[in-house]
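Below you'll find the structure, written out as structure tokens, and then a few comments.
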Amino acid sequence: MSSLSQPQPPTDEQKAVLASTARITVVRACPGAGKTEVFVEAIRRRLHDWKEPGLGLAALSFTNIARQTIEARVGGTIPAPHFVGTLDSFVFRFIVKPFGHLVGLPQGGVRLFPASVCKTLEKPEAVLSEDGKLRCPIYNADFCGITKGSPIMPVLSAGVAMKSKGVVTPRRISVAPKMIGKVWDLKKALWNKSGIITHSDCHFLASSVLHLKDHGPRIRQIIANRFPVIFIDELQDTGFFLARTFLSLFEDAGISGLVVGDPNQAIYGFGGASPRIFDEFEKLNGAITLKLTLSQRCPKAVAKVATTLSAPGNPVESLPTAAVGSACLIVHALDNSRLSVKQAQAIHGMLQGSSFAVIARKGTTTGGLRGLLVRDEFQGKSKAARHINIAVQYLVNGEPREAFQIVETELRRVVIGDERAGNEALSEKGISLPEWRAGIFAILASATQTVKGETWNEWVGRVKKAVNSAAKSLRWTDDGTALRSYMTCNKTGNEIRMGLLDVAVEPIWQLKDTISTIHKVKGAEFDTVVFFVPKTAKNKCPSIQWWSDDDGGEERRIAFVAVSRAKQRFVLCLHSTVYDALKQNRPDFIKCFDATVTMLPAT
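Quick note on numbering that gives the first Met the number 0: the sequence shown kicks off at 0 and runs consecutively.
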């Protein structure tokens, strides 16, 4: 939701941006400063005065929703030769597709797919560790930087599924330097064979094209002749190679433009995004820097908290006419993020205005806040059955992807003999993906079924039959060992199993409330925002992390984004140990909040 739902008269800062005649105008904007309206107005003015037939203006943003917003505010679809679209679509259409063959792509054509779509295709696995235990689908390996050495190699990060006690948790890790070459070779072979690339691949290839010694300068000139004006929104979100691509384009003196964003909101470091990209654009010939420091979103109390988390010299200032608003503290003593109805009601009682959001740093925390009942309640000795029981809990709590991954891992162990095996192993055994998925769904359907009075031992026996049936449907032959893990237990296993579907769960939030991670609400705004901070390890305490440069200041910026979503009231709900640490280490931060501290009820 834009901060400009109720447009304000242009500020002097905004007028300065619109009046700029510099070749490159770099705008550092605070949250809610009206940058989208300035961006759109700058486009509108350029198009009104456009006198270059056959040449176009490119207005680029990160999402199709942002593109639609730009077009709607300008007055409708903007025809060719102009281009309004995403950064990805521009890079693919005008750089990678016509020139990708110069860096190894097949000349017969190249196709751009989101990584999430690629995962449904045949997916060779990349080995990420020397012992071969850590692997991921090749589409999950992303280019996020570059190492300077001999030879120069790209830096890769990868999304992997880490399993602990049957629970699969997605994580992003750095690929070990010794393994990067092998992953890169696998990617190049896949590009040449299929022509399929992900958005991360596209950014890397576009940058590679523009930096070719022989062809790069000419290609940049071709694009400059086609699009002499380029506007970029949300600059801070550009990953490493996407940023390198546009830096290279703007090095051509034939391109002028406007780039806007907020370095304090650069929270996609895992993809190589960095607030330092503003410094690099500002070093280009003909570049000037302007700031939008007046927030039309944040009231004075919220702006004060946000400023303590902003980079030095980048304060968040409210409009002179802004309301005072409020910033409040709630202290809890919870060991996890599971809330009772009474505790949720106490938090919801802080609501000011109509829209309400509870946000947290991690998805596991928001899962608890939403009331997920994922717990290790299994009674027995079978590790395999324990894992499938956790999968059932994920499924009935509305998390089918996690449930699918757990059961898929178990079926790989039984049918293929390797729970880490990739889809190529299925092909070698003549198993099609539809057959494979049908087997997984059959196991989940049986395991989820509740039988009144059934013991854990009986449930384990039923699950064993389901796994056996699914495996045999995939032409598996029982060797007498794979299903031994589905053992029964004569003691605790004879206890009655209560199906989760029989457990009544009282909803603790209203349907219109937003319970989400900070990354997912970036760009949104709410009247009241509650930032829930769970109990943390001492070395990960916010009193340290929010003011540390160890990770490039990423955690500080994530907290900044959380605070700056609030239009009326910001509530920091934190564990008592974190509160005590902040009082000791950051008393200036604590002083930004109302004097009264609310204690969350114990139950």
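We treat Cβ as the ideally placed atom computed from N, Cα and C, and that holds for glycine.
The model shown is predicted, which means the values in this text are computed figures rather than measured ones.
How big is the Cα-Cα spacing for residue i and residue j?
{"i": "Gly53", "j": "Arg275", "result": "35 angstroms"}
{"i": "Arg461", "j": "Thr491", "result": "17 angstroms"}
{"i": "Glu12", "j": "Gly367", "result": "43 angstroms"}
{"i": "Ala286", "j": "Glu279", "result": "10 angstroms"}
{"i": "Trp183", "j": "Phe89", "result": "24 angstroms"}
{"i": "Leu155", "j": "Ser206", "result": "15 angstroms"}
{"i": "Ile329", "j": "Phe112", "result": "44 angstroms"}
{"i": "His47", "j": "Leu56", "result": "12 angstroms"}
{"i": "Ser128", "j": "Ala175", "result": "7 angstroms"}
{"i": "Val502", "j": "Ala444", "result": "Confidence at Val502 is low in this model, with a pLDDT of 49, below 50, so its placement is unreliable and the value that follows should be read with caution. Near 18 angstroms, if we compare the C-alpha coordinates of Ala444 and Val502."}
{"i": "Met178", "j": "Ile145", "result": "14 angstroms"}
{"i": "Arg217", "j": "Leu248", "result": "11 angstroms"}
{"i": "Lys181", "j": "Ser472", "result": "35 angstroms"}
{"i": "Ala242", "j": "Glu434", "result": "42 angstroms"}
{"i": "Ala437", "j": "Ile137", "result": "24 angstroms"}
{"i": "Ser336", "j": "Pro533", "result": "6 angstroms"}
{"i": "Met0", "j": "Ile517", "result": "Reliability fails at Met0, whose pLDDT of 38 lies under 50, so the model's placement of it is uncertain and the value that follows must be treated cautiously. Approximately 15 angstroms, taken between the alpha carbons."}
{"i": "Lys521", "j": "Lys380", "result": "44 angstroms"}
{"i": "Thr535", "j": "His81", "result": "50 angstroms"}
{"i": "Ala384", "j": "Tyr578", "result": "41 angstroms"}
{"i": "Val16", "j": "Lys590", "result": "35 angstroms"}
{"i": "Phe226", "j": "Leu209", "result": "15 angstroms"}
{"i": "Thr320", "j": "Ser563", "result": "18 angstroms"}
Only counting the same chain, and skipping five residues up and downstream in sequence, which positions put a Cβ closer than 7 angstroms to that of residue i?
{"i": "Leu641", "result": "Since the displayed the chain opens at 0 and closes at 602, residue 641 lies outside it and no answer follows."}
{"i": "Val83", "result": "Ala58, Arg66, Ile69, Glu70, Ile77"}
{"i": "Gly158", "result": "Cys135, Asn139, Pro169, Arg171"}
{"i": "His214", "result": "Leu101"}
{"i": "Ile514", "result": "Val357, Thr365, Leu368, Arg369, Trp508"}
{"i": "Ser273", "result": "Ala265, Gly551"}
{"i": "Thr10", "result": "Leu293"}
{"i": "Phe403", "result": "Ile439"}
{"i": "Pro314", "result": "Thr292, Thr306"}
{"i": "Ala603", "result": "The first residue shown for the chain is 0 and the last is 602, placing residue 603 beyond what the model contains."}
Assign residue i to buried or exposed, taking buried as 16 or more other Cβ atoms, counted over all protein chains shown, within 10 Å of its Cβ.
{"i": "Asp200", "result": "buried"}
{"i": "Val596", "result": "exposed"}
{"i": "Lys464", "result": "exposed"}
{"i": "Arg556", "result": "buried"}
{"i": "Thr307", "result": "buried"}
{"i": "Pro311", "result": "exposed"}
{"i": "Ser261", "result": "Rather than Ser, the amino acid found at residue 261 in this sequence is Asp. Buried: at least 16 other Cβ atoms inside 10 Å."}
{"i": "Glu51", "result": "exposed"}
{"i": "Pro298", "result": "buried"}
{"i": "Glu423", "result": "exposed"}
{"i": "Glu427", "result": "exposed"}
In the DSSP assignment, find the beta strand (DSSP E) that holds residue i and state where it starts and stops.
{"i": "Pro136", "result": "134-136"}
{"i": "Ala205", "result": "Per DSSP, Ala205 belongs to no beta strand (DSSP E); it is in the alpha helix (DSSP H), 198-209."}
{"i": "Thr68", "result": "Looking at the DSSP string, Thr68 is not in any beta strand (DSSP E); the run it does join, the alpha helix (DSSP H), is 63-73."}
{"i": "Ile287", "result": "286-291"}
{"i": "Asp141", "result": "140-146"}
{"i": "Val529", "result": "525-532"}
{"i": "Val83", "result": "82-85"}
Hey, could you find the ends of the alpha helix (DSSP H) residue i is sitting in?
{"i": "Ala580", "result": "575-584"}
{"i": "Ala28", "result": "First-last for Ala28: 23-28, but that is the beta strand (DSSP E), not the alpha helix (DSSP H)."}
{"i": "Val562", "result": "553-562"}
{"i": "Val174", "result": "Premise fails: Val174 is in no alpha helix (DSSP H) and is neither H nor E."}
{"i": "Glu124", "result": "Run containing Glu124: none in the alpha helix (DSSP H); it sits in the beta strand (DSSP E), 124-126."}
{"i": "Leu510", "result": "That residue, Leu510, is in no alpha helix (DSSP H); it is neither H nor E in DSSP."}
{"i": "Ala601", "result": "Per DSSP, Ala601 belongs to no alpha helix (DSSP H) and is neither H nor E."}
{"i": "Phe277", "result": "276-281"}
{"i": "Asn388", "result": "382-395"}
{"i": "Val102", "result": "Looking at the DSSP string, Val102 is not in any alpha helix (DSSP H), and its letter there is neither H nor E."}
{"i": "Pro541", "result": "541-544"}
{"i": "Ile517", "result": "517-520"}
Looking only at its own chain, which residues have a Cβ that is under 6 angstroms from the Cβ of residue i, when we skip the five neighbours before and after it?
{"i": "Ser408", "result": "Going by the sequence as given, residue 408 is Thr instead of Ser. If we look at Thr408 and ignore the five residues flanking it on each side, its Cβ neighbours are Glu418."}
{"i": "Ser19", "result": "none"}
{"i": "Ala565", "result": "Val301, Val528"}
{"i": "Leu283", "result": "Ile23, Phe249"}
Kindly list the residues whose CB is nearer than 8 angstroms to the CB of residue i, restricted to its own chain and excluding five residues on each side of it in sequence; keep chain order.
{"i": "Ala601", "result": "Ala332"}
{"i": "Thr327", "result": "Per the sequence shown, residue 327 should be read as Cys rather than Thr. Closer than 8 angstroms at Cβ, skipping near neighbours: Met349, Arg568, Phe569, Val570, Leu571, Phe592, Asp593, Thr595, Thr597."}
{"i": "Thr454", "result": "Gly492, Asn493, Glu494, Ile495, Arg496"}
At a Cβ threshold of 8 angstroms, is residue i touching chain B?
{"i": "Glu398", "result": "The chain inventory of the structure shown lacks chain B, comprising one protein chain alone."}
- Task: For the region 293-368, list the alpha helix (DSSP H) runs that are entirely contained and at least 4 residues long, ordered along the chain.
- Result: You should have 299-308, 340-347, 362-368.
- Item | 4 or more residues per run - each alpha helix (DSSP H) lying fully within the region 404-483 | You should have 422-427, 432-447, 455-472.
- Continuous beta strand (DSSP E) assignments of at least 3 residues falling wholly in the region 205-268: Counting only runs that start and end inside the region 205-268, the beta strand (DSSP E) elements of at least 3 residues fall at 228-231, 255-260.
- Message: In chain order, what are the residue ranges of uninterrupted alpha helix (DSSP H) at least 4 long that sit wholly in the region 32-65?
- Response: Complete alpha helix (DSSP H) runs here, min 4: 34-47.
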